[in-house]
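Data block below; observations after.
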Ligand code: CA
């Protein structure tokens, strides 16, 4: 799961990032409304945490622009002001939820969970494909009686491949979802991790292989 934080108070933004990290969520942080909109338009996020009072473009405008562009990523608005009119305006502009500062970590996490469930992302304990089982809580990939631990990036790639078994995932898509929208990682980072995963699949003796579709990307196939 990847979260976008749009918050100009650097310390709060960092605190939110740390909080998300404890939940093993990936995240990006930007500090003004224009960057917020540009990042959110990529469509790679599962949730956007958006402050209202921001430099360059306020949170209401960011949501309104996103919704106009048919980007329906759930948005939680943050504000220091506890005013009913703000709340109404926020929800009218297309936000999904609203949190008044200061708020507790538990409350924010609960709202994030609620929104991602509502969007249809089922909270599963494991994913299966053919003879493989990926445990989403402890990053273990198993086949028959054998299992192996995956590193974070290996896990994220495997999770995407197993969650979209019919799709071919491009390197760009993997880069932005696993490494982040503004990361310096390049295509060959993806190749390196795919080769790690192939070795692990071999070790497990799985029938599953990560197939390369030239110029398009990767998908899982069963031998
Ligand atoms: Ca602010």
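Numbering (our numbering), first residue to last: 83 to 305. Think of the CB as a built atom: it goes at the ideal place given N, C-alpha and C, for glycine as much as any other residue. None of these values were measured; they are calculated from a predicted model.
With DSSP run on the structure shown, which of helix, strand or coil describes residue i?
{"i": "residue 169", "result": "helix"}
{"i": "residue 145", "result": "helix"}
{"i": "residue 277", "result": "helix"}
{"i": "residue 90", "result": "coil"}
{"i": "residue 108", "result": "strand"}
{"i": "residue 121", "result": "helix"}
{"i": "residue 160", "result": "strand"}
{"i": "residue 174", "result": "helix"}
{"i": "residue 181", "result": "strand"}
{"i": "residue 97", "result": "helix"}
{"i": "residue 271", "result": "helix"}
Nearest-angstrom Cα distance between residue i and residue j?
{"i": "residue 168", "j": "residue 143", "result": "13 Å"}
{"i": "residue 283", "j": "residue 90", "result": "43 Å"}
{"i": "residue 240", "j": "residue 279", "result": "8 Å"}
{"i": "residue 189", "j": "residue 99", "result": "15 Å"}
{"i": "residue 141", "j": "residue 87", "result": "12 Å"}
{"i": "residue 97", "j": "residue 161", "result": "16 Å"}
{"i": "residue 257", "j": "residue 294", "result": "16 Å"}
{"i": "residue 198", "j": "residue 270", "result": "31 Å"}
{"i": "residue 177", "j": "residue 125", "result": "15 Å"}
{"i": "residue 108", "j": "residue 246", "result": "19 Å"}
{"i": "residue 266", "j": "residue 234", "result": "17 Å"}
{"i": "residue 179", "j": "residue 103", "result": "21 Å"}
Strictly by DSSP, which residues pair up with residue i?
{"i": "residue 228", "result": "225"}
{"i": "residue 250", "result": "Answer is none; residue 250 lacks a bridge partner."}
{"i": "residue 216", "result": "209 and 223"}
{"i": "residue 299", "result": "295"}
{"i": "residue 85", "result": "109 and 129"}
{"i": "residue 290", "result": "304"}
Could you tell me which of the options sits nearest to residue i, measuring between CA atoms?
{"i": "residue 195", "options": "210, 245 and 128", "result": "128"}
{"i": "residue 92", "options": "100, 102, 179 and 113", "result": "113"}
{"i": "residue 290", "options": "210, 255, 199 and 298", "result": "210"}
{"i": "residue 252", "options": "299, 180 and 243", "result": "299"}
{"i": "residue 183", "options": "267, 134 and 197", "result": "134"}
{"i": "residue 262", "options": "111, 137, 94 and 95", "result": "111"}
{"i": "residue 222", "options": "286, 260, 303 and 119", "result": "286"}
{"i": "residue 131", "options": "212, 145, 301 and 242", "result": "145"}
{"i": "residue 276", "options": "157, 191 and 260", "result": "260"}
{"i": "residue 306", "options": "238, 248, 297 and 292", "result": "In the structure as shown, the chain starts at 83 and stops at 305, and residue 306 therefore has no counterpart that could be examined."}
{"i": "residue 302", "options": "95, 249, 236 and 106", "result": "249"}
Pop quiz: residue i and residue j are said to be a contact at Cβ under 8 Å. What is the actual Cβ separation, rounded to whole angstroms?
{"i": "residue 123", "j": "residue 153", "result": "6 Å"}
{"i": "residue 187", "j": "residue 101", "result": "5 Å"}
{"i": "residue 304", "j": "residue 212", "result": "5 Å"}
{"i": "residue 147", "j": "residue 119", "result": "6 Å"}
{"i": "residue 191", "j": "residue 172", "result": "Incorrect: roughly 20 Å between the Cβ atoms, too far for contact."}
Could you check whether the Cβ of residue i sits closer than 7 Å to any heavy atom belonging to ligand 2?
{"i": "residue 143", "result": "This structure simply doesn't include ligand 2; it includes ligand 1 instead."}
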